[in-house]
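The structure appears right after this line, and notes come after that.
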Amino acid sequence: MKKQDMNRDWIATAETLSSALPYLQRYDGAIVVVKLGGHAMGSDEAMETFARDIVLLRQVGVNPVIVHGGGPMINAMLEKLQIKSDFVNGKRVTDAATMEVVEMVLSGVVNKRIVQAINRQGGAGVGLSGKDANLITCTQADPDLGFVGTPSQMDPSVLHHLFEQDMIPVIAPIGAGPNGETFNINGDTAAGAIASALKADRLLLLTDVSGVKNGAGEVVTELKAADVEAMTRDGVIIGGMIPKTETALAAVRSGVRACTIVDGRVPNAVLLELFTDHGAGSMIRP
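In full-length UniProt numbering, the protein residues as written are 1 to 286.
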């Protein structure tokens with residue numbers, strides 16, 4: 001008879017699984033929208049880890065929706081095709097030629113890479129853009145910026161159909177205009193609009209920072225909407241964190257239970273945020 005040693009790592013794993021039970025029960029049937037960007041898209045290893053976590057969410061009864069960016073890939077393709085861009089106040093002008101490249105990269109190469117990663121982990125990823133089934137209808141954000149859109153009308157019915165089939169939607173932030181135009185949408189903005197339309201339980205914005213920091217440079221793990229507004233007025237929240245917190249505020253005021261700005265550099269960040277007390281970023285509630 002073979003004697004089995006009780007390895008401490010095995011015991012720790014069992015304890016972790018046991019402690020996750022209340023969270024698994026809490027999120028059973030919940031809709032969680034994840035904006036994927038930054039480090040999690042930067043390497044095949046990080047993508048595989050992310051995909052495994054998303055498939056695990058689906059396996060335990062969560063309905064995950066992935067919305068992705070792809071700015072660096074777009075820049076690389078524009079450079080490869082020698083398409084020069086104009087800028088207004090530091091923002092790229094998306095003309096017709098640029099928009100073709102944006103759609104090709106986001107709806108094609110980037111979207112299918114994520115779908116394939118999910119499928120390799122045993123999930124059923126389905127790639128979409130906001131143009132599919134009238135998911136996102138846009139208006140032009142700023143005529144000076146060309147084909148850059150702001151979501152104006154949402155129809156998430158196709159996503160509910162996918163949930164019923166245990167499929168995982170992977171959405172490129174491309175929308176259709178009322179006259180057949182194609183618009184590029186900021187990834188965070190698209191994720192927030194989709195989460196709001198679904199009345200999602202959670203919106204997770206994966207980024208390459210540890211979270212929202214206070215005046216002392218410390219990460220604040222939980223904030224109310226009023227806290228975010230005050231920190232922005234006081235100049236504590238600045239730079240690239242402002243649009244992320246604005247997206248979070250719009251989402252939680254539109255029926256999303258909470259939005260977390262998640263440090264996507266942390267391994268298994270999505271699981272840490274949803275299934276542990278520790279979390280992996282800054283949660284914003286109404």
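The beta carbon of each residue, even a glycine, is placed where N, CA and C say it ideally should be.
| Query | Result |
| --- | --- |
| Segment contact, 8 angstroms Cβ cut-off, at least three pairs: the segment 210–230 with the segment 35–55 | no |
| Distance CB(Tyr23)-CB(Thr276) smaller than 9 angstroms | yes |
| Endpoints, alpha helix (DSSP H) assigned at Ser43 | Looking at the DSSP string, Ser43 is not in any alpha helix (DSSP H), and its letter there is neither H nor E. |
| Where Leu81 sits in the DSSP three-state scheme | coil |
| Whether Ala191 touches Val55 by CB criterion (9 angstroms) | no |
| Neighbourhood of Val101 by C-beta, 6 angstroms cutoff - its chain only, sequence neighbours within 5 removed | Met77 and Leu78 |
| Cβ contact (3+ pairs, closer than 8 angstroms) linking the segment 225–232 and the segment 170–182 | no |
| Residue from Lys80, Gly70 and Ser152 whose Cα sits closest to the Cα of Lys112 | Gly70 |
| Beta-ladder partner(s) of Pro169, from DSSP | Val126 |
| Presumed contact (8 angstroms Cβ cut-off) between Ala197 and Met154, rounded CB distance | 4 angstroms |
| Rounded C-alpha distance that separates Gly123 from Gly235 | 43 angstroms |
| Span of the beta strand (DSSP E), counted from its first residue to its last, around Lys224 | Glu222 to Lys224 |
| Length of the line joining the Cα atoms of Gly37 and Gly29 | 25 angstroms |
| Val67 and Ile261 closer than 9 angstroms at C-beta | no |
| Spatially closest choice to His161 from Val65, Lys244, Ala117 and Met73, by CA coordinates | Val65 |
| Contact under 9 angstroms by Cβ, Gly149 with Asn184 | yes |
| Every unbroken beta strand (DSSP E) within the segment 94–142, with a cutoff of 3 residues, ordered by chain | 125–129 and 136–140 |
| Reference Gly217, options Ile238, Lys224, Leu203 and Leu204, closest by Cα | Ile238 |
| Element boundaries [alpha helix (DSSP H), containing Lys213] | Note, Lys213: premise wrong, no alpha helix (DSSP H); not H, not E. |
| Ser152 versus Ala226 - alpha carbon distance | 26 angstroms |
| Leu145 and Val88 closer than 9 angstroms at C-beta | yes |
| Val105 Cβ short of 8 angstroms to the ligand NAD heavy atom set | Ligands displayed in this structure: none; no statement on the ligand NAD is therefore possible. |
| Where Thr13 falls: helix, strand or coil (DSSP) | helix |
| C-beta atoms of Leu106 and Leu135 nearer than 9 angstroms | no |
| The alpha helix (DSSP H) enclosing His278, as first and last residue numbers | Unbroken run through His278: none, as it is neither H nor E. |
| Straight-line Cα distance separating Asp9 from Ala250 | 42 angstroms |
| Length at least 3, wholly inside the segment 222–249: the beta strand (DSSP E) runs in chain order | 222–224 |
| Identified DSSP bridge partners for Ala258 | Arg202 |
| For Leu205 and Cys259, believed in contact at Cβ under 8 angstroms, the rounded distance | 7 angstroms |
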